[in-house]
(Lines of atoms letter the chains of each structure in order from A; the text may use other names.)
(Lines give C-alpha, C1' and ligand atoms only; values in the text may rest on other atoms or scores of the structure.)
Protein backbone atom coordinates (compact mmCIF):
# COMPACT_ATOMS: atom_id res chain seq x y z
CA UNK A 35 0.00 0.00 0.00
CA UNK A 36 2.87 2.43 0.43
CA UNK A 37 3.87 2.83 -3.22
CA UNK A 38 4.21 6.34 -4.69
CA UNK A 39 1.27 7.32 -6.85
CA UNK A 40 1.43 8.99 -10.24
CA UNK A 41 0.18 12.51 -10.83
CA UNK A 42 -3.60 12.68 -11.22
CA UNK A 43 -4.91 13.01 -14.76
CA UNK A 44 -8.51 14.15 -15.26
CA UNK A 45 -10.83 11.38 -16.44
CA UNK A 46 -14.58 10.88 -16.53
CA UNK A 47 -14.23 8.76 -13.35
CA UNK A 48 -12.10 11.37 -11.59
CA UNK A 49 -9.58 10.13 -9.08
CA UNK A 50 -11.00 6.60 -9.23
CA UNK A 51 -10.28 6.47 -12.96
CA UNK A 52 -6.53 6.67 -12.26
CA UNK A 53 -6.43 4.43 -9.20
CA UNK A 54 -5.86 0.66 -9.31
CA UNK A 55 -8.89 0.27 -6.97
CA UNK A 56 -6.80 0.41 -3.79
CA UNK A 57 -9.88 0.70 -1.55
CA UNK A 58 -11.46 -2.35 -3.20
CA UNK A 59 -8.47 -4.60 -2.55
CA UNK A 60 -9.04 -5.16 1.15
CA UNK A 61 -11.59 -4.98 3.94
CA UNK A 62 -11.18 -4.07 7.58
CA UNK A 63 -13.10 -5.25 10.60
CA UNK A 64 -12.99 -3.45 13.93
CA UNK A 65 -12.14 -5.81 16.77
CA UNK A 66 -12.25 -5.45 20.56
CA UNK A 67 -9.06 -4.03 22.02
CA UNK A 68 -6.85 -7.00 22.86
CA UNK A 69 -5.78 -6.91 26.49
CA UNK A 70 -5.24 -10.42 27.78
CA UNK A 71 -2.68 -12.90 26.61
CA UNK A 72 -5.50 -15.06 25.24
CA UNK A 73 -6.61 -12.13 23.04
CA UNK A 74 -3.14 -11.92 21.52
CA UNK A 75 -2.94 -15.68 21.10
CA UNK A 76 -6.12 -15.45 19.04
CA UNK A 77 -4.67 -12.62 16.96
CA UNK A 78 -1.54 -14.71 16.34
CA UNK A 79 -3.76 -17.43 14.93
CA UNK A 80 -5.52 -14.89 12.71
CA UNK A 81 -2.34 -13.32 11.28
CA UNK A 82 -1.06 -16.82 10.56
CA UNK A 83 -3.46 -16.84 7.62
CA UNK A 84 -2.41 -15.46 4.24
CA UNK A 85 -3.61 -11.92 3.61
CA UNK A 86 -4.54 -11.14 7.23
CA UNK A 87 -2.93 -8.28 9.16
CA UNK A 88 -3.75 -6.42 12.38
CA UNK A 89 -3.40 -2.73 13.02
CA UNK A 90 -4.27 -0.11 15.59
CA UNK A 91 -5.05 3.48 14.76
CA UNK A 92 -6.71 6.36 16.59
CA UNK A 93 -10.11 4.63 16.26
CA UNK A 94 -9.06 1.28 17.72
CA UNK A 95 -7.91 -2.19 16.62
CA UNK A 96 -8.71 -3.77 13.25
CA UNK A 97 -8.22 -6.89 11.22
CA UNK A 98 -7.10 -6.02 7.70
CA UNK A 99 -7.92 -8.66 5.11
CA UNK A 100 -6.33 -8.38 1.69
CA UNK A 101 -9.04 -9.60 -0.61
CA UNK A 102 -10.12 -8.00 -3.86
CA UNK A 103 -13.80 -7.22 -4.38
CA UNK A 104 -15.34 -9.79 -6.69
CA UNK A 105 -17.29 -7.07 -8.53
CA UNK A 106 -14.26 -5.17 -9.83
CA UNK A 107 -13.92 -5.14 -13.58
CA UNK A 108 -10.57 -5.44 -15.37
CA UNK A 109 -10.27 -1.65 -15.62
CA UNK A 110 -10.90 -1.20 -11.88
CA UNK A 111 -14.48 0.02 -12.32
CA UNK A 112 -17.31 -1.37 -10.22
CA UNK A 113 -19.35 -4.04 -11.98
CA UNK A 114 -22.39 -3.40 -9.76
CA UNK A 115 -22.08 0.38 -9.46
CA UNK A 116 -25.82 1.10 -9.61
CA UNK A 117 -26.64 -1.54 -6.97
CA UNK A 118 -23.44 -1.40 -4.87
CA UNK A 119 -23.78 -1.74 -1.07
CA UNK A 120 -24.35 1.35 1.09
CA UNK A 121 -20.80 1.25 2.51
CA UNK A 122 -19.50 1.69 -1.05
CA UNK A 123 -22.00 4.48 -1.77
CA UNK A 124 -21.02 6.32 1.42
CA UNK A 125 -17.27 6.09 0.74
CA UNK A 126 -15.71 9.44 -0.11
CA UNK A 127 -12.54 9.70 -2.12
CA UNK A 128 -12.02 13.36 -1.20
CA UNK A 129 -8.95 12.18 0.71
CA UNK A 130 -8.23 8.52 0.22
CA UNK A 131 -5.37 6.07 -0.16
CA UNK A 132 -4.59 7.48 -3.59
CA UNK A 133 -3.56 10.64 -1.72
CA UNK A 134 -1.78 8.94 1.18
CA UNK A 135 -1.48 5.33 2.35
CA UNK A 136 -3.68 4.57 5.37
CA UNK A 137 -0.78 2.81 7.10
CA UNK A 138 0.87 6.19 7.72
CA UNK A 139 -1.75 6.64 10.41
CA UNK A 140 -1.33 3.25 12.07
CA UNK A 141 0.02 3.42 15.62
CA UNK A 142 0.74 -0.33 15.43
CA UNK A 143 0.80 -2.61 12.39
CA UNK A 144 1.41 -6.35 12.38
CA UNK A 145 1.79 -7.74 8.88
CA UNK A 146 2.52 -11.29 9.97
CA UNK A 147 2.93 -13.77 12.79
CA UNK A 148 6.57 -12.89 13.52
CA UNK A 149 5.86 -9.16 13.90
CA UNK A 150 2.98 -9.78 16.30
CA UNK A 151 4.91 -12.44 18.20
CA UNK A 152 7.75 -9.97 18.76
CA UNK A 153 5.23 -7.44 20.15
CA UNK A 154 3.66 -10.09 22.39
CA UNK A 155 7.06 -10.98 23.82
CA UNK A 156 7.72 -7.33 24.60
CA UNK A 157 4.27 -6.74 26.09
CA UNK A 158 4.12 -9.95 28.14
CA UNK A 159 7.53 -10.60 29.68
CA UNK A 160 6.47 -14.16 30.57
CA UNK A 161 5.68 -14.99 26.90
CA UNK A 162 7.68 -18.07 25.85
CA UNK A 163 10.84 -17.24 23.93
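Residue numbers (this note's numbering): 35 to 163. No residue lacks a Cβ here, since even glycine has one placed at the ideal position from N, Cα and C.
Whole-angstrom Cβ separation of residue 66 and residue 74, contact assumed at under 8 Å? The Cβ separation is near 12 Å, so there is no contact.
How about residue 106 and residue 57: do their beta carbons lie closer than 8 Å? no
Report the partner residues of residue 94 according to the DSSP bridge assignment. 91
Going by DSSP in three states, residue 139 sits in which element: helix, strand or coil? helix
Looking at the unbroken alpha helix (DSSP H) that takes in residue 61, where does it start and where does it end? Here residue 61 belongs to no alpha helix (DSSP H); instead the beta strand (DSSP E) covers 60 to 65.
Delimiting residues of the alpha helix (DSSP H) encompassing residue 110: Segment: none, residue 110 is in no alpha helix (DSSP H) and carries neither H nor E.
Assess, as a yes-or-no matter, whether the segment 85 to 99 is touched by the segment 138 to 145 under the definition of 3 or more beta carbon pairs within less than 8 Å. yes
Assuming residue 77 and residue 150 are in contact, meaning their beta carbons sit under 8 Å apart, how far apart are those beta carbons, in whole angstroms? 6 Å
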